[in-house]
Structures are given as C-alpha cells and as structure tokens.
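There are 2 protein chains.
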Amino acid sequence: MKITLIGAGNLATHLGRALLNAGHSIIQVFSRTQESAEVLAMQFSPQSQTAHASLQSQSEPISVLNPAHASPQSQSEPISALSRLSPDADIYIIAVKDSALAQVIPQVCAVNSRAVFVHTAGSMPISCFDGYATHYGVFYPMQTFSKARQVDFSVIPCFLEASDLDTAQVLKTLADSITSSVFYLDSDRRRYLHLAAVFACNFTNHCYALAQQVLQRGDLPFDVMLPLIDETAAKVHQMSPCKAQTGPAVRYDQNVMDAQIRLIADDPLLKDIYERMSMSIHQYISANND
Amino acid sequence: MKITLIGAGNLATHLGRALLNAGHSIIQVFSRTQESAEVLAMQFSPQSQTAHASLQSQSEPISVLNPAHASPQSQSEPISALSRLSPDADIYIIAVKDSALAQVIPQVCAVNSRAVFVHTAGSMPISCFDGYATHYGVFYPMQTFSKARQVDFSVIPCFLEASDLDTAQVLKTLADSITSSVFYLDSDRRRYLHLAAVFACNFTNHCYALAQQVLQRGDLPFDVMLPLIDETAAKVHQMSPCKAQTGPAVRYDQNVMDAQIRLIADDPLLKDIYERMSMSIHQYISANND
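Sequences listed follow chains H and R, in order. Heads up: the first sequence at position 220 corresponds to 219 in numbering that gives the first Met the number 0, and the numbers run straight through without jumps. Heads up: the second sequence at position 120 corresponds to 119 in numbering that gives the first Met the number 0, and the numbers run straight through without jumps.
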C-alpha cells in the first residue's frame, strides 16, 4: 500500500520502519519541522538504506530493508506543510500527539475523499474523524517506542477500529503485514487499555527511575537492579501479579516500612508515593486473598 | 559446608535449593510449623530427590540435585522448636521475617559459639547480632522469590557483610558457590539498596496489578500487556529510565491525563496514585533534561 505518515515521533519512526520492511511505500512524511521530516523520509527511501545503515552504531540497530520488497520508485518525500500533502496515498496515518489531532485531522482528511485515514492514539476516540472523512479508523500499536531502540514489531499487539467493514478489512490487512497480534477494539474499551498501559509501562518505568534515585543516595549503580527487574517482569508470565507480590508491604511489615519512609522523609512526593503504593498493595492483596 | 536453615519461606526455599545444588548439606530446617519444616527438609534430603522430582509439575521445575555432590548421610532434619537446634552446623542462615529477627537471633546464636550466623534481610543491620555471636554477618540475595517459580540463582546479586575478615571469607566462599555476582556492602548502604528493590520490584509488580484492575474494567485480559511489560524491562538494559520514559505524563498531555483520571474517579487511592506518579514523572523528566 501507499502510505503517508503524519508525524515524525517515536511511534511514526518505528511504525514506518515496520511498514517499509513489510513492503509498503511511505510516499510522504510530514513533520512540523522540515529537518525531522527529512531525517525520517531518508530512512524510508530505499536508495539511502545502505548509507543509512552504515551510520548506525552497534547499540542502535536498524531493520534492514528487505530487498525483495524494495522498489526503486518508492522515494519518500519530506514535507513540513500540510498544504503539500499528496492525494496519492491509500492510507494516511496520523501519529501526532493527542492534543494536535483536532487541528490536524480536518486538514489531512481534506486531501483525498476516497482514502483511509487513521490515528494511532490509544486514548482518542474514532469519532475524532466524524464529519471529516468517509473511511477512517484507529490503528493503535501498544508498545513503548524510543528512537534509539529497535523493537520487534511482529509481537506488538495492534488494536484496530474502523468506520465501516471495508475499512476494517484494509486496516486488518495492513496490521497483519507487520504483526501477528491484531485485535478489534472499540474506543470505549480502548480507553481502559491505554490507561492500563500507562500503569504497566510508564508508571513501571518510573518505579525504575525512583529506584535509581534511591540507589544514588547510597552511591550504588542502577545495573545491580537488572536481574530483579527482569525476574519481576518474567514472573507475571507465569502467575498473576497478586500471586507474584513479595516484600514488606505484602507482609505489612510496619517496622521495615517505617524505616524505609525515614530514608526518604526529605522528599515529600517520593514518601507519598511509597506510602500510597504500600497501602494499595496491602488493600489489593487483602481483597484478593479472601 | 554444613548449613542449618532457620525459616521455611520463599527465600529459605530457594536459597536452600541453591546451596544443596552447590554441594552443601542442609542438616536442619526450622519452621514455626512442623509441617512446613518437613516439606522443606524433604526437598533437602537427597534420598527423596527422585520421589520429589516426580511430584513436580512441568510448570514448576525444580533443580535436580547434582549426584556428584550428594552424600547419603546428608539427611535434612525438620524441627519446629529452636531448642532442638543441633550445634553441628558451620553456618546458621536465619531467613525469617524481619520482625522476628530480634526474638530468633539470641536463641539461635546460643547453640554454638564457633559457628557463623547470618540473616538474609536487606533492611536489617548487622548489629542485630551484637552481643549474641562472635562470627556473624548478612547474606542478602536480592531477588523476588515465590515458591512456585524456579529462579536461576547464579545471576542473583548477593550482598555480604561480616563481623570480621575470616567470616567475610567464609561468606564469600559460600556466595561464590551459588552465584557469580557477589558484593560486600555495609548495613547503611544496604538500606538504600533494599528500598530501591521495593521500588523496582514490589511497586513495579503492583503497577502490573493496577493495570490488571483497569483492564478488568474494560473486560480485557491481562495477557495483552505482556509484550509491553517485557519491553519496558528490556529497555532499561540499554538506556536510563529517564531516557526510556514515554506516555502522557512525560509529554504532560493534560487532556489525556484528565480523561484517564475520570475513568478511575470512583477509586480515590488509584486516582491518587495516578496523579502523584504523573506529577513525579513530570518533575523527574524536567529535572533530568536540564
């Protein structure tokens, strides 16, 4: 399929790479800044793959375009004005921050009345497109993307929603080409999915960050935590988080908790998080052990 | 070495298995309940390894005793009264909950003035032993242990502290026999290590639990989160938690955050945790991006 990407952030970068590797063409890349658009468009232009690959450091691997899929004409054009959008794409993927959707959608959808338009935002409803497009939907790959880290897109669950059955089929075909994990999910339930992802990913990562802060108080390196972090993640493949829980809060060991709170009494927000998480663990375990 | 284990909880179970596999003898196992002591002692008695192994389900693998290390006389005796402690062990490992240490240590240390005594508690100081033993220390394997899940002890960092150089050497030899990751760390800094472990493991696991609660509101299964959970843990092997962060709080996308808070407004503690974690993420990223 011929695809135009609106946005040049983490998600657009990784999704674009995955689509390109699956044999699709990224005909245009829009970013508010021309430079960002150019950096990404260069990655999506097969001619520059070799040069680009040689620029990558070993710690930042990049997917190499499958030559079987590459076609010399699939040059990707960088643009920084929506007025320069081409009407030639089959699908326009809008991967901008949520707060920009309301402004971007009307301009993008005006370009081609027969194409399919999707956004990639977990928390935004499909109704964002109401009145602006005929065929539209949501294409939400649930993962944490950073530009400097390669991800295996084939295991990323992708959640779809569509305005009509034909569009649903188009999005399903597109999703199937990059991942083996595709689901239909309506906007209402997707809100819960995205909120759960905030807990399981963003708040989890912040627990790592807070651990790092605490380690710095003891002049200890973050690396010592990695076996524990890995095992904590691995455990919930085998047992529920409730069964997996250990530590002072689940034992409700008040002496240990009080001593730990004293160590961070100078940081009210950190102390508050410690107390509330401990209380929540205790409530949760008590309720689930009944 | 001849070892006596005081405690039959998660840590005692896993540490005992690792020590046994390394060729040590667990001569006695103490638990407050005779049944728990017997269950564990049976696992630590080579004669019952075959029978025991056959009782394990495939989902709960157990290390198989290395026959080269097994000696027929190394039967493990279960006891539920500290008065039955034998003076024959080289090392007494006290793996009871922190609040029980003050009561247990004097009784255990009275049994043999030449032996080495250790506790396994991250947050408790070595001074717990002051006045009760001559050779003593701390042996803290930092990991989350559940009985139903096998762990690879060889990668678990083990933090040691000792009353004297001879004891330090004994503990180092013991730790080296079960893991390749051994550190000396004093009580003062170990408090920070243990607090960091609470954030990186217990609070992280609770974030998974809260994600599960939120998913249930949308009638969604927990399993869809596993690729995200795995990637979140894997990312911090490559980049700092600060660089790895994504999501609405780091973008400070107030619209998304407000909408997410409305979804859990009926649960004040959950809402509170959401708000404080988001605020903490924002503060942390702002401070570290300067």
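Yeah, the Cβ is synthetic: ideal placement off N, Cα and C, and Gly gets one too. Predicted, not measured: the structure shown is a model, and the values here were computed from it.
Asked	Found
Using the Cα positions of residue 174 of chain R and residue 227 of chain H, report the straight-line distance between them to the nearest angstrom.	17 Å
Measuring CA to CA, which of R/105, R/217 and R/230 is closest to residue 132 of chain R?	R/105
For residue 206 of chain H, return the contacting residues in chain R, with the cut-off set at a CB-CB distance below 7 Å.	198, 199, 202, 203 and 206
Check each residue of the segment 145-160 of chain R: if its Cβ is closer than 8 Å to any Cβ of chain H, include it; give the result in chain order.	145, 147, 148, 150, 154, 155 and 156
Name the chain H residues that come within less than 7 Å of residue 241 of chain R, Cβ to Cβ?	208
Please work out which residues of its chain come closer than 8 Å, Cβ to Cβ, to residue 249 of chain R, disregarding the five sequence neighbours upstream and downstream, and give them in chain order.	280, 281 and 284
Determine the direct distance from the alpha carbon of residue 255 of chain H to that of residue 267 of chain H, and round the result to whole angstroms.	18 Å
Taking all protein chains shown into account, decide if residue 121 of chain H is buried (16 or more other Cβ within 10 angstroms of its Cβ) or exposed.	buried
Jot down the residue ranges of each uninterrupted beta strand (DSSP E) in the segment 61-144 of chain R, minimum 3 residues, whole runs only, in chain order.	76-78, 90-93, 115-118 and 134-140
Please compile the residues from chain R whose C-beta is within a distance smaller than 7 Å of the C-beta of residue 271 of chain H.	275
Which parts of the segment 14-42 of chain H are runs of the beta strand (DSSP E), unbroken and 3 residues or longer, counting only runs that do not cross its ends?	24-29
DSSP puts residue 1 of chain H in a beta bridge; with which residues?	H/24
Output, in chain order, the set of chain H residues within a Cβ distance shorter than 7 Å of residue 226 of chain R.	142, 154, 155 and 156
Residue 34 of chain H: buried (16+ other C-beta within 10 angstroms of its C-beta) or exposed?	exposed
Could you check the C-alpha separation between residue 253 of chain R and residue 128 of chain H for me, to the nearest Å?	21 Å
Do you know whose CA, among H/88, H/97 and H/119, lies nearest residue 109 of chain H's CA?	H/88
At a CB distance below 7 Å, what residues from the segment 119-132 of chain R approach chain H? Give them in sequence order.	122
Could you list which residues in chain H have their beta carbon closer than 9 Å to that of residue 9 of chain R, in chain order?	245
Starting from the C-beta of residue 36 of chain H, find all residues in its chain whose C-beta is less than 7 Å away, skip the five residues before and the five after it, and write them out in chain order.	7, 28, 29, 30, 77, 78 and 79
Residue 183 of chain H: buried (16+ other C-beta within 10 angstroms of its C-beta) or exposed?	exposed
How long is the line joining the alpha carbons of residue 86 of chain H and residue 215 of chain H, rounded to whole angstroms?	54 Å
Is it buried or exposed for residue 193 of chain H, if we count other Cβ within 10 angstroms and need 16 for buried?	buried
Could you tell me if residue 24 of chain H is buried or exposed, where buried requires 16 or more neighbouring beta carbons within 10 angstroms of its beta carbon?	buried
Run down chain H in chain order and give the residues with a C-beta less than 9 Å from the C-beta of residue 12 of chain R.	Per Cβ cutoff of 9 Å: no residues; residue 12 of chain R is ~12 Å from chain H at best.
Looking at residue 200 of chain H and residue 217 of chain R, is the spacing between their C-beta atoms short of 8 Å?	no
Rounded to whole angstroms, what's the CA-CA distance from residue 168 of chain R to residue 116 of chain R? Just pull it up for me.	13 Å
Are the CB atoms of residue 119 of chain H and residue 94 of chain H nearer to each other than 8 Å?	yes
Out of R/114, R/152 and R/107, point me to the one whose CA is closest to residue 166 of chain R's CA.	R/114
Beta strand (DSSP E) containing residue 157 of chain R: first to last residue?	157-161
Taking CB distances under 8 Å as the criterion, tell me whether residue 6 of chain R reaches chain H.	no
Tell me where the alpha helix (DSSP H) around residue 251 of chain H begins and ends.	From DSSP, residue 251 of chain H is part of no alpha helix (DSSP H); its letter is neither H nor E.
Nearest-angstrom Cα distance between residue 181 of chain H and residue 225 of chain R?	15 Å
Applying a beta-carbon distance threshold of less than 8 Å, which residues of chain R neighbour residue 258 of chain H?	122 and 190
What are the partner residues of residue 181 of chain R, as DSSP defines its beta bridges?	R/157
In angstroms with no decimal places, state the Cα-to-Cα distance between residue 206 of chain H and residue 269 of chain R.	16 Å
Taking the alpha carbon of residue 155 of chain R as the point to measure from, which residue in R/9, R/261 and R/141 has its own alpha carbon closest?	R/141
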